[in-house]
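Residues 1 to 310 (the UniProt record's numbering) make up the sequence shown, in order. The C-beta atom is built at its ideal place from N, Cα and C for all residues, glycine as well. A quick note: this is a predicted structure, and the numbers were derived from the prediction, not measured.
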Amino acid sequence: MGRTHLLDGLRLAARNSIGIQNRFDLPLLQMHLQGLEYLFDNNIIGRSPEDVAKFFIDQNHNLSKHAVGTYIGEICKEFNMQVLDAFSKLHDFKDEEFLPALRQFLLSFQLPGESQKIDRILTSFSERYVEQNPSVFNSPHEAYVLSYAVILLNTTLHNINAKSQNLGLAEEKTFVRAMMEFDEETNLSEDLVRKIYRAIKTEPLRPVSDDSSVCGSNQNNGIHKGWLWKLGGRVKSWKRRWFVLTEDSLLYYLTPDRSRQTKGVIPLEGINIRLIHDKTRENCFELYCPRNQLIKSCKVERELATVFLK
């Protein structure tokens, strides 16, 4: 199955005249990691944990963040755990403050939901961070405790349906007390704990999805936003969608709050736009690639047409 997925990707590359560089170019933004065995067999990457970890780093913008997180979260497989530790060591946290380093790490994959997997991944991160910043914590254990607390705090403060609301971490004084009295091995700075709490309350950890890895931009920081009518579906029909234009992508959702998963992402590299005439709709435009393949067709209100057609 893995070989089939990868070969499908390579065939797609050939069909779309995508250049092959350094012996291979993986064109599918959501590349299947089952294809690793194919890469091993064809000597495209080595079989060591370090080789696989380097592949995950070098091709991070092409790989499914969910797939990477699943792979390095396979705690029952020794090889995968070796890949995880090698993956962590390829991150450079030297002289980086703790929370920015954790944010950076968590943007390179999608954190699994199981507590045991989170535990092992954060342990690996903590060991790497303390290795490069030995003066920040007394031990990797302290960094691990604070890392896990950050995950719980983020969920508590920013996910109204989270069970972790019951942990009572939402108040700053409660969170600080819990960290200061955690265990005998943990002696965290109160100033650091308060700083972490306030930073997470102000700016939550940005969840990583395969949508965000495709668009390459923070979808909350759109250049323009507004309602458009989009033509699509098995039975072609117009549907009202909330669109967000970023520097490199066009994303659309069911509602402006974007609390649900992104419905679609259109990478804009190599995409052109043109006005079209439609008997039933005014102010129509369509996006297309240079080979004249239609990507999307939308109807907009006149004032929004100017915004998106600049």
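From residue i to residue j, what distance separates their C-alpha atoms?
{"i": "glutamate 142", "j": "phenylalanine 243", "result": "43 Å"}
{"i": "lysine 173", "j": "proline 112", "result": "29 Å"}
{"i": "tyrosine 253", "j": "serine 139", "result": "44 Å"}
{"i": "valine 265", "j": "glutamate 181", "result": "45 Å"}
{"i": "lysine 65", "j": "valine 208", "result": "7 Å"}
{"i": "aspartate 95", "j": "aspartate 85", "result": "20 Å"}
{"i": "threonine 156", "j": "valine 68", "result": "25 Å"}
{"i": "tyrosine 38", "j": "glycine 232", "result": "36 Å"}
{"i": "isoleucine 271", "j": "arginine 241", "result": "20 Å"}
{"i": "arginine 274", "j": "glutamate 282", "result": "14 Å"}
{"i": "alanine 53", "j": "methionine 179", "result": "33 Å"}
{"i": "cysteine 284", "j": "lysine 201", "result": "42 Å"}
{"i": "residue 313", "j": "leucine 36", "result": "Not covered by the structure: residue 313. The range shown for the chain is 1 to 310."}
{"i": "valine 176", "j": "phenylalanine 137", "result": "16 Å"}
{"i": "aspartate 257", "j": "serine 249", "result": "18 Å"}
{"i": "glutamine 104", "j": "leucine 287", "result": "33 Å"}
{"i": "threonine 280", "j": "asparagine 43", "result": "56 Å"}
{"i": "leucine 245", "j": "threonine 255", "result": "15 Å"}
{"i": "leucine 205", "j": "phenylalanine 93", "result": "17 Å"}
{"i": "alanine 101", "j": "aspartate 41", "result": "35 Å"}
{"i": "phenylalanine 79", "j": "phenylalanine 98", "result": "28 Å"}
{"i": "asparagine 159", "j": "proline 49", "result": "35 Å"}
{"i": "valine 235", "j": "phenylalanine 55", "result": "41 Å"}
Using three-state DSSP, classify residue i as helix, strand or coil.
{"i": "lysine 54", "result": "helix"}
{"i": "isoleucine 271", "result": "coil"}
{"i": "serine 237", "result": "strand"}
{"i": "glutamate 184", "result": "coil"}
{"i": "histidine 113", "result": "First, the residue type needs correcting, since residue 113 is glycine and not histidine in the sequence shown. Residue state, collapsed to three classes: coil."}
{"i": "leucine 287", "result": "strand"}
{"i": "leucine 153", "result": "helix"}
{"i": "isoleucine 72", "result": "helix"}
{"i": "valine 193", "result": "helix"}
{"i": "leucine 171", "result": "Just to set this straight, residue 171 is glutamate in the shown sequence, not leucine. The answer is coil: DSSP assigns glutamate 171 none of H, G, I, E or B."}
{"i": "valine 39", "result": "Before going further, note that residue 39 is leucine rather than valine in the sequence given. Note: leucine 39 maps to helix in three-state DSSP."}
{"i": "glutamate 97", "result": "coil"}
{"i": "serine 126", "result": "helix"}
{"i": "serine 147", "result": "helix"}
{"i": "phenylalanine 137", "result": "coil"}
{"i": "residue 326", "result": "Look at the range of the chain in this structure, 1 to 310, and you will see that residue 326 is not part of it."}
{"i": "serine 108", "result": "coil"}
{"i": "aspartate 119", "result": "helix"}
So who's on the other strand from residue i, going by DSSP bridges?
{"i": "isoleucine 45", "result": "In the DSSP output, where bridge partners are listed per residue, isoleucine 45 has none listed."}
{"i": "phenylalanine 79", "result": "Partner(s): none; phenylalanine 79 has no beta bridge."}
{"i": "histidine 224", "result": "Leu245"}
{"i": "valine 265", "result": "Leu251"}
{"i": "lysine 201", "result": "DSSP, once it has assigned bridges, lists no residue as partnering lysine 201."}
{"i": "glycine 232", "result": "Ser237"}
{"i": "isoleucine 276", "result": "Cys284"}
Should residue i be counted as a contact of the ligand ADP given a C-beta to heavy atom distance under 6 Å?
{"i": "proline 140", "result": "Ligands in the displayed structure: none, and consequently the ligand ADP is not present."}
Practice item. Evaluate the contact criterion for the stretch 144-153 versus the stretch 188-202: three or more CB pairs, one atom per stretch, below 8 Å. Key: Yes: the two stretches touch, three or more of their Cβ pairs being nearer than 8 Å.
Check your understanding: How do the stretch 123-132 and the stretch 184-192 stand: do at least 3 beta-carbon pairs fall below 8 Å, yes or no?
Key -> No: the two stretches stay apart, fewer than three of their Cβ pairs being nearer than 8 Å.
Check your understanding: So does the stretch 226-233 actually touch the stretch 121-129, counting three or more Cβ pairs closer than 8 Å?
Key -> By the Cβ test, the stretch 226-233 is not in contact with the stretch 121-129, since fewer than three Cβ pairs between them sit closer than 8 Å.
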